[in-house]
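Trainee: Chain order of the listed sequences is E and H.
For the first sequence, my numbering gives the first residue as 1, with consecutive numbering after it.
For the second sequence, my numbering gives the first residue as 1001, with consecutive numbering after it.
What follows is a single structure, and I will ask about it in a moment.
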Amino acid sequence: MAGQLSIAKALNGALRKSLENDPKTLLMGEDIGKLGGVFRITDGLQKDFGEDRVIDSPLAESGIVGTAIGLALRGYRPVVEIQFDGFVYPAFDQIVSQLAKMHARALGHVKMPVTIRIPYAGGIGAVEHHSESHEAYFAHTAGLRVVTPSNPHDAHWMLRQAIESDDPVIFLEPKRRYWDKGEVGDAPDLGMHDARIVRPGTDATLIAYGPMVKVCLEAAAAAEEDGRRLEVVDLRSLSPVDFTTLEDSVKRTGRAVVVHEAPVFLGMGAELAARLTEKCFYHLEAPVLRVGGYYAPYPPSRVEEAFLPDLDRVLDAVDRALAY
Amino acid sequence: MTVKSTARARKKAAPAVPDTLRAAGTDAQPELVQLLTPEGERVEHPDYPLTTTPDELRSLYRDLVLVRRFDGEATALQRQGELGLWASLLGQEAAQVGSGRAMRTGDYAFPTYREHGVAWCRDVDPLNLLGMFRGVNHGGWDPNEKNFHLYTIVIGSQTLHATGYAMGITKDGADDAVIAYFGDGASSQGDVNEAFTFASVYNAPVVFFCQNNQWAISEPTTTQTKIPLYRRASGFGFPGVRVDGNDVLACLAVTRWALDHARNGNGPVLIEAFTYRMGAHTTSDDPTRYRHTEETEAWKAKDPISRLRAHLEKEGLADEEFFAAVDAESEQLGLRVREGVRGMPDPDPTLIFDHVYSEPHTLVDEERAEYVAYAASFEAGENL
Ligand SMILES: Cc1ncc(C[n+]2csc(CCOP(=O)(O)OP(=O)(O)O)c2C)c(N)n1
Ligand SMILES: [Mg+2]
């Protein structure tokens, strides 16, 4: 594809391709038309595909997701945008009680090919409700697929895969990385739910996803200077989780540190640590450690750096893991 | 400040529902209640009589000017990097000052994130409003001190809180009333419609004050509604009225009427203040992408401050000295706000763990201790 693209542009291209490829695909959300969304992810799409397919909806998230369900029942493939993480909750009932369960309740007679795109996580100095990491709620809900890319290539191809999926997909976009650039390949090299080893290593495995992949890569580069070779796995999919890749890695390195922005308590790391302990018990040299946000509301932006995992906190955990 | 001087107790029963409301069938043309024309001409409305002293008019003018000045200062401070974001009220001063000054001291306001003018009327220190936009807190003021709730960013939520508060007033047998502020965009939210239902069936003393500023970020009001918003009320069983939101006198008179209607046990009222968001949605927004400058220009002619100034001048109710004094005061305010914001310290990161619960919580306490030890390890040089 066209050389270096930002995640934002890669997502825009994926939406464009999906609209081109399938007349039943449509986009819905607040301010996604003329404005192109507050992050410009839908920039230019209404102009090219019309107001019928790129729809500025009333300001009501439950309405957006609820009507997406109805459109899906009628054979459409809605891709909806939630403006910010903190604004998905008015739609929580529609997502958790309706969207996630519809296929099972109908004993497979109906499908719910709905994609819900949500810019999530922090680090942009925003006011409250604009920086939250709520992936655990969705991953905890059977019936939803939950994925999150960390780079432009995955952003593009995973979004196309998500839209093609006949199941509901919660597509979490790491907003602070929207403007990070990278190569977007001509084809997907992995399935939507595969993890990717983004840096091979031997001494410990860092497991991250979305915005934290970059932090872990930086941490691994810094550790290299101290002679430590850290492997970094980009989880990519939070439901289902690619435990095969994780187990292979952890069995080789014997140590694992899970990193996410969401609070550690009952976060993704809790599930990953439990599974890895069960599956790799005899290979582990140390308990699986977790680095994440605190058990507190996401703080005001002037102190968000203290809340968010950074290179130092990751390396501190690596030190602790290696000290066992 | 001005709240106390104007918040006269009105013990009389509120007047019967005005004809303007009864006429609000689906085919009626929306009538805009106006007491002061854009040219500064004082006009009467049979349903909303208003007597004002020259003093009151001058103090309304002063409020409008100071509120606009404060708002402009905040926009400038955002540009200078002192605030992370600002949501300007430019153009909506009259809707906010008019409704804010209609409140009695015991009444309670539930704002969105744009009600800086209402905050002013409630005597909230403007610097308090800036903390969350600077990123040092999420609001932080004590809502019960001035009966002005925290700003609410999640669209529409506060209308239910306002309704519940009003239900409490009824249970207490008190004669206070509540104003729930919200926008045209918010009118689509489930919470707002649920608030209408609760307020209606419980006859709660709450005034729903919708500032229809024509835009919800990039979406025009036509994206939210096919009928004028004030008519939504009739379906829920309470009166709705559309007022010229750039006319501070009309906003004052209609809101006073509505608050008295509510406090006297007649249930909620919906006021649609027809106004215009002259600036960007917030400092992050670029309105040139979705609206024409001609529209904005047309609304400039309806400016809330110039019309009151024209009126004061025409009627000889204020002289040059008065206007100069207000301008000087506004300079002072600007200075105080600038210095106040620049001197606002960053909080200690342990703020993260403060007030998560009102009683001890072992996990929060443990994580705080971990954080403190971790941070101290840097100071001790262990982690360098
Ligand atoms: C539940 C929710 N969804 C989306 C947003 C993002 N958002 C912030 S302001 C806004 C538009 C609000 O429009 P309106 O209610 O008319 O108020 P105005 O900003 O014009 O004062 C939107 C969509 C939000 N804050 N909360
Ligand atoms: Mg609006």
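C-beta atoms are modelled at their ideal positions from N, C-alpha and C, and glycine is treated no differently.
Between phenylalanine 92 (chain E) and chain H, is there a C-beta pair that is closer than 8 angstroms?
Mentor: Here residue 92 (chain E) corresponds to residue number 92 of the first sequence, with the count starting at 1. Not closer than 8 angstroms to any Cβ of chain H, the Cβ of phenylalanine 92 (chain E) fails to qualify, so no.
Trainee: For ligand 2, is there any heavy atom lying closer than 7 angstroms to the beta carbon of alanine 1216 (chain H)?
Mentor: Position 216 of the second sequence, counted from the start, is the residue given in the question as residue 1216 (chain H). Yes.
Trainee: Please classify threonine 1223 (chain H): is it buried, with 16 or more other beta-carbons within 10 angstroms of its beta-carbon, or exposed?
Mentor: Position 223 of the second sequence, counted from the first residue, corresponds to residue 1223 (chain H). Buried, since its Cβ has 16 or more Cβ neighbours within 10 Å.
Trainee: Work out the CA separation of arginine 1256 (chain H) and phenylalanine 1198 (chain H) for me, nearest whole Å.
Mentor: In the second sequence, counting from the first residue as 1, residue 1198 (chain H) sits at position 198. In the second sequence, counting from the first residue as 1, residue 1256 (chain H) sits at position 256. In a straight line, the C-alpha of phenylalanine 1198 (chain H) is about 22 angstroms away from that of arginine 1256 (chain H).
Trainee: Look at the alpha carbon of serine 1188 (chain H) and the alpha carbon of proline 58 (chain E), and state the distance between them as a whole number of angstroms.
Mentor: The residue labelled residue 1188 (chain H) in the question sits at position 188 within the second sequence. The residue labelled residue 58 (chain E) in the question sits at position 58 within the first sequence. If I take the Cα positions, the gap works out to 6 angstroms.
Trainee: Could you pull the start and end residues of the beta strand (DSSP E) that leucine 5 (chain E) belongs to?
Mentor: Along the first sequence, read from residue 1 onward, the residue named residue 5 (chain E) stands at position 5. Unbroken beta strand (DSSP E) run through leucine 5 (chain E): 4-6.
Trainee: How far does the beta strand (DSSP E) with aspartate 1244 (chain H) in it extend, from its first residue to its last?
Mentor: For the purposes of this step, residue 1244 (chain H) is identified with residue 244 of the second sequence, where counting begins at 1. From DSSP, the beta strand (DSSP E) with aspartate 1244 (chain H) extends over 1240-1244.
Trainee: Using three-state DSSP, classify methionine 28 (chain E) as helix, strand or coil.
Mentor: As a first step, residue 28 (chain E) must be located in the first sequence, where it is residue number 28. In the structure shown, methionine 28 (chain E) sits in a strand (DSSP, three-state: E or B).
Trainee: Cutting at 7 angstroms between CB atoms, please list the residues of its own chain near alanine 1376 (chain H), excluding the five before and the five after it.
Mentor: Here residue 1376 (chain H) corresponds to residue number 376 of the second sequence, with the count starting at 1. Contacts found: none.
Trainee: So, with DSSP's three-state summary, where would you put aspartate 971 (chain H)?
Mentor: Outside the displayed span of chain H (1001 to 1384) sits residue 971 (chain H), for which this structure offers no information.
Trainee: Counting only Cβ-Cβ distances shorter than 7 angstroms, please list the residues of the segment 1145-1159 of chain H near chain E, keeping chain order.
Mentor: Those residues of the segment 1145-1159 of chain H that come within reach of chain E (Cβ to Cβ, closer than 7 angstroms) are Ile1153, Val1154 and Ile1155.
Trainee: Relative to the C-alpha of alanine 142 (chain E), which residue among E:Ile207, E:Val96 and E:Val88 is closest?
Mentor: Here residue 142 (chain E) corresponds to residue number 142 of the first sequence, with the count starting at 1. Among E:Ile207, E:Val96 and E:Val88, the Cα nearest to that of alanine 142 (chain E) is on E:Val96.
Trainee: Spatial neighbours of isoleucine 1217 (chain H) within its chain, please: C-beta separation below 7 angstroms, excluding the five flanking residues on both sides.
Mentor: Mapped onto the second sequence, residue 1217 (chain H) falls at position 217. Taken in chain order, the residues that qualify are His1281 and Asp1285.
Trainee: Helix or strand or just coil, what does DSSP make of leucine 1252 (chain H)?
Mentor: In the second sequence, residue 1252 (chain H) corresponds to position 252, counting from 1. The answer is helix: DSSP assigns leucine 1252 (chain H) an H, G or I state.
Trainee: Can you tell me whether aspartate 312 (chain E) is helix, strand or coil according to DSSP?
Mentor: As a first step, residue 312 (chain E) must be located in the first sequence, where it is residue number 312. Here aspartate 312 (chain E) sits in helix by DSSP.
Trainee: Kindly list the residues whose CB is nearer than 8 angstroms to the CB of glycine 37 (chain E), restricted to its own chain and excluding five residues on each side of it in sequence; keep chain order.
Mentor: Here residue 37 (chain E) refers to the residue found at position 37 of the first sequence. Gly29, Asp31, Asp43, Glu81 and Gln83.
Trainee: Could you have a look at glutamate 218 (chain E) and say whether DSSP puts it in helix, strand or coil?
Mentor: For the purposes of this step, residue 218 (chain E) is identified with residue 218 of the first sequence, where counting begins at 1. Of the three classes helix, strand and coil, the one that applies to glutamate 218 (chain E) here is helix, per DSSP.
Trainee: Would you say tyrosine 1290 (chain H) lies against chain E (beta-carbon separation less than 8 angstroms)?
Mentor: Numbered from its first residue, the second sequence carries residue 1290 (chain H) at position 290. With 8 angstroms as the cut-off, tyrosine 1290 (chain H) counts as an interface residue toward chain E.
Trainee: Could you check what DSSP says for glycine 1183 (chain H) in three-state terms: helix, strand or coil?
Mentor: Indexing the second sequence from 1 puts residue 1183 (chain H) at position 183. DSSP places glycine 1183 (chain H) in strand when its eight states are reduced to three.
Trainee: Please give me, in chain order, every unbroken run of the beta strand (DSSP E) with length at least 3 that falls completely inside the segment 1102-1181 of chain H.
Mentor: The segment 1102-1181 of chain H contains these whole beta strand (DSSP E) runs: 1108-1110.
Trainee: Compute every distance between the C-beta of glycine 1453 (chain H) and the non-hydrogen atoms of ligand 2, then say whether any falls below 7 angstroms.
Mentor: What is shown of chain H runs 1001 to 1384, which leaves residue 1453 (chain H) out entirely.
Trainee: State whether the segment 256-275 of chain E contacts the segment 286-296 of chain E, with contact taken as three or more CB pairs (one from each stretch) at a distance under 8 angstroms.
Mentor: At 8 angstroms Cβ cutoff, the stretches touch.
Trainee: Over what stretch of residues does the beta strand (DSSP E) that includes glutamate 61 (chain E) continue unbroken?
Mentor: Counting from 1 along the first sequence, the entry for residue 61 (chain E) is found at position 61. Note, glutamate 61 (chain E): premise wrong, no beta strand (DSSP E); alpha helix (DSSP H) at 61-73.
Trainee: Looking at ligand 2, does it come within less than 7 angstroms of aspartate 1285 (chain H), judged from the CB to the closest heavy atom?
Mentor: Taking the second sequence and counting its residues from 1, one reaches residue 1285 (chain H) at position 285. It does not: the Cβ of aspartate 1285 (chain H) is nowhere closer than 7 angstroms to a heavy atom of ligand 2.
Trainee: Can you tell me which of the three DSSP states alanine 1023 (chain H) falls into?
Mentor: In the second sequence, the residue the question calls residue 1023 (chain H) occupies position 23. Interpretation of alanine 1023 (chain H) is limited by its pLDDT of 44, a score under 50 that renders its predicted location unreliable; the figure taken from the coordinates is listed afterwards. Three-state result, alanine 1023 (chain H): coil.
Trainee: Suppose contacts are defined by Cβ-Cβ distances below 8 angstroms. Is arginine 302 (chain E) in contact with aspartate 1354 (chain H) by that definition?
Mentor: On the first sequence, residue 302 (chain E) is found 302 positions in, with the first residue counted as 1. On the second sequence, residue 1354 (chain H) is found 354 positions in, with the first residue counted as 1. Cβ atoms of arginine 302 (chain E) and aspartate 1354 (chain H): not closer than 8 angstroms.
Trainee: Spatial neighbours of proline 168 (chain E) within its chain, please: CB distance less than 8 angstroms, with the 5 preceding and 5 following residues excluded, ordered by chain position.
Mentor: Within the first sequence, numbered from 1, the residue matching residue 168 (chain E) stands at position 168. Excluding residues within five positions, the ones whose Cβ falls inside 8 angstroms are Ile95, Leu99, Ala100, Met112, Pro113, Val114, Thr115, Ile116, Gly143, Leu144 and Arg145.
Trainee: Starting from the C-beta of tyrosine 324 (chain E), find all residues in its chain whose C-beta is less than 7 angstroms away, skip the five residues before and the five after it, and write them out in chain order.
Mentor: Your numbering for residue 324 (chain E) matches position 324 in the first sequence. Counting only Cβ-Cβ distances below 7 angstroms, and skipping sequence neighbours, we find Glu285 and Ala286.
Trainee: Please give the ranges of any beta strand (DSSP E) in the segment 171-244 of chain E, keeping only runs that are unbroken, at least 3 residues long and fully inside the region.
Mentor: Qualifying beta strand (DSSP E) stretches, in chain order: 181-183, 196-199, 204-208, 230-234 and 237-239.
Trainee: Around the Cβ of alanine 1174 (chain H), are there at least 16 other Cβ atoms within 10 angstroms (buried) or fewer (exposed)?
Mentor: Locating residue 1174 (chain H) in the second sequence gives position 174, where the first residue counts as 1. So alanine 1174 (chain H) counts as exposed.
Trainee: Decide if the segment 1058-1066 of chain H is in contact with the segment 1088-1097 of chain H; the criterion is three or more beta carbon pairs, one per stretch, under 8 angstroms apart.
Mentor: At 8 angstroms Cβ cutoff, the stretches touch.
Trainee: Shortest alpha-carbon distance to arginine 228 (chain E) belongs to which of E:Pro211, E:Asp203 and E:Ser249?
Mentor: Counting from 1 along the first sequence, the entry for residue 228 (chain E) is found at position 228. With distances taken between Cα atoms, arginine 228 (chain E) lies closest to E:Asp203.
Trainee: Name the two residues that bound the continuous alpha helix (DSSP H) containing aspartate 56 (chain E).
Mentor: Indexing the first sequence from 1 puts residue 56 (chain E) at position 56. It is not in any alpha helix (DSSP H) - aspartate 56 (chain E) instead sits in the beta strand (DSSP E) that spans 54-56.
Trainee: Considering asparagine 1212 (chain H), what are the terminal residues of the beta strand (DSSP E) in which it resides?
Mentor: On the second sequence, residue 1212 (chain H) is found 212 positions in, with the first residue counted as 1. It spans 1206-1212 - the beta strand (DSSP E) in which asparagine 1212 (chain H) sits, taken as one unbroken run.
Trainee: Quick one: measure Cβ to Cβ for arginine 1263 (chain H) and aspartate 1176 (chain H), integer angstroms, because I've assumed they're closer than 8 angstroms.
Mentor: Here residue 1263 (chain H) refers to the residue found at position 263 when the second sequence is read from its first residue. Here residue 1176 (chain H) refers to the residue found at position 176 when the second sequence is read from its first residue. Yes, they are in contact, since the Cβ atoms of arginine 1263 (chain H) and aspartate 1176 (chain H) sit about 7 angstroms apart, within 8 angstroms.
Trainee: Considering proline 263 (chain E), what are the terminal residues of the beta strand (DSSP E) in which it resides?
Mentor: Counted from its first residue, the first sequence places residue 263 (chain E) at position 263. 256-263 is the extent of the beta strand (DSSP E) around proline 263 (chain E).
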